[in-house]
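Undergrad: For the sequence shown, our numbering gives the first residue as 2, with consecutive numbering after it.
Where a beta carbon is used, it is the ideal one built from N, C-alpha and C, also for glycine.
Just so we're clear, the structure is a prediction, and the values are computed from it rather than from any experiment.
I am attaching a structure below and will ask some questions about it afterwards.
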Amino acid sequence: MGEPAERAVLVVVPTYNERDNLEPLVSRLRKAVPEADVLVVDDSSPDGTGEIADKLAAADDQVSVLHRPGKSGLGTAYLAGFASALQGEYTLVVEMDADGSHASEDLPALLTAASTADLVLGSRYVPGGEVRNWPAHRLVFSRLANLYARTALGVPIADVTAGFRVFRRQVLAELPLDAVSSQGYCFQIDMAWRVVRAGFVVREVPITFTERVRGRSKMSMTIVVEALWRVTRWGVARVARRDVLPGEAQPGAAGRPGGRSSGMAA
Numbered sequence: 002m003g004e005p006a007e008r009a010v011l012v013v014v015p016t017y018n019e020r021d022n023l024e025p026l027v028s029r030l031r032k033a034v035p036e037a038d039v040l041v042v043d044d045s046s047p048d049g050t051g052e053i054a055d056k057l058a059a060a061d062d063q064v065s066v067l068h069r070p071g072k073s074g075l076g077t078a079y080l081a082g083f084a085s086a087l088q089g090e091y092t093l094v095v096e097m098d099a100d101g102s103h104a105s106e107d108l109p110a111l112l113t114a115a116s117t118a119d120l121v122l123g124s125r126y127v128p129g130g131e132v133r134n135w136p137a138h139r140l141v142f143s144r145l146a147n148l149y150a151r152t153a154l155g156v157p158i159a160d161v162t163a164g165f166r167v168f169r170r171q172v173l174a175e176l177p178l179d180a181v182s183s184q185g186y187c188f189q190i191d192m193a194w195r196v197v198r199a200g201f202v203v204r205e206v207p208i209t210f211t212e213r214v215r216g217r218s219k220m221s222m223t224i225v226v227e228a229l230w231r232v233t234r235w236g237v238a239r240v241a242r243r244d245v246l247p248g249e250a251q252p253g254a255a256g257r258p259g260g261r262s263s264g265m266a267a
């Protein structure tokens, strides 16, 4: 990868069977944010996505590939990417889906917002945000899931399941990432809640989310059930004032140094 810059950016892209989407994504990403490095985390995709990633890396020294031995889930893929970022000198670490639903052209706005926030979410559900080509039932389900998570956990984030994110390095360095075991979009809820509870500043920036046009969605009932079970358990514990996530200090001891409080802004 390239030499570290003052605002070195690493975009982590987990892949599993995304051979038709990966090359167009990387091309758009490199044009939209040419200073960014790209790390593809591939779970031994049987469709050859890993081989395509290797070809992209061979042609561009700002692209690299982390091959994993099998399908281990979105959460562990991102955690592996975060660990790689922390081994380098990156100051901003981006989460981005491989299916083309996140527009690379929206990333500069998220990176700019990171100058005044510790976590920036590319949000579908703040003014200016948009979802394209989802059937009505999928949109209703997503909005209800966000409402449930937001209410149960007391998180002031409109799109807590958003998968297009920018973390400042300090956030990933300070959170107990080895205690995060959530998968699917529950991983996104888990991470956002940890960031808020730790007192980091959160901002939401509107994006246009477009349903994939190639390949198959990885959403499954298992992912939905995991999210419902975990959020409900966390919410009950929060109401009972036993809301300590794995790896956290006791409430009152885990605030941000310097007294900075969490918040959000569109």
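#1: Alpha carbon to alpha carbon, how far is G164 from R125? Give it in angstroms, no decimals.
#2: Looking at the unbroken alpha helix (DSSP H) that takes in R169, where does it start and where does it end?
#3: Based on Cα-Cα distance, which residue from L26, Y79, F188 and G74 lies nearest to A54?
#4: Taking the beta strand (DSSP E) that V181 falls in, what are its first and last residues?
#5: In this structure, does DSSP put E212 in helix, strand or coil?
#6: Just to confirm the assignment, what range does the beta strand (DSSP E) spanning G123 have?
#7: Am I right that R133 and E212 are in contact with their C-beta atoms under 8 Å? What's the rounded C-beta distance?
#8: T117 by DSSP, collapsed to three states: which one?
#9: Near A174, what residues of its chain come up, given a Cβ to Cβ distance below 7 Å and the 5 sequence neighbours on each side ignored?
#10: Check for me: the alpha helix (DSSP H) holding H138 runs from which residue to which?
#11: Under 8 Å by Cβ, that's how I've got V197 and V156 pegged, so tell me the actual separation to the nearest angstrom.
#12: By a C-beta neighbour count over all protein chains shown, 10 Å radius and 16 as the cutoff for buried, is Y171 buried or exposed?
#13: To the nearest whole angstrom, what separates the beta carbons of L120 and F188, a pair I think is in contact under 8 Å?
#14: With distances taken from CA atoms, which of A241, R204 and G236 is nearest A110?
#15: Pull up the distance between the alpha-carbon of D38 and that of A241, whole angstroms please.
#16: Within 10 angstroms of its Cβ, does A9 collect 16 or more other Cβ (buried), or is it exposed?
TA: In brief:
#1: 10 Å
#2: No alpha helix (DSSP H) contains R169, which is instead part of the beta strand (DSSP E) from R166 to R169.
#3: L26
#4: Segment: none, V181 is in no beta strand (DSSP E) and carries neither H nor E.
#5: coil
#6: L120 to S124
#7: 7 Å
#8: coil
#9: L87
#10: Note, H138: alpha helix (DSSP H), A137 to L154.
#11: 5 Å
#12: Note that residue 171 is Gln in the sequence shown here, rather than Tyr. So Q171 ends up on the exposed side.
#13: About 14 Å separates the CB atoms of L120 and F188; that is not less than 8 Å, and the two are not in contact.
#14: Of the candidates A241, R204 and G236, the one whose C-alpha sits nearest the C-alpha of A110 is R204.
#15: 44 Å
#16: buried
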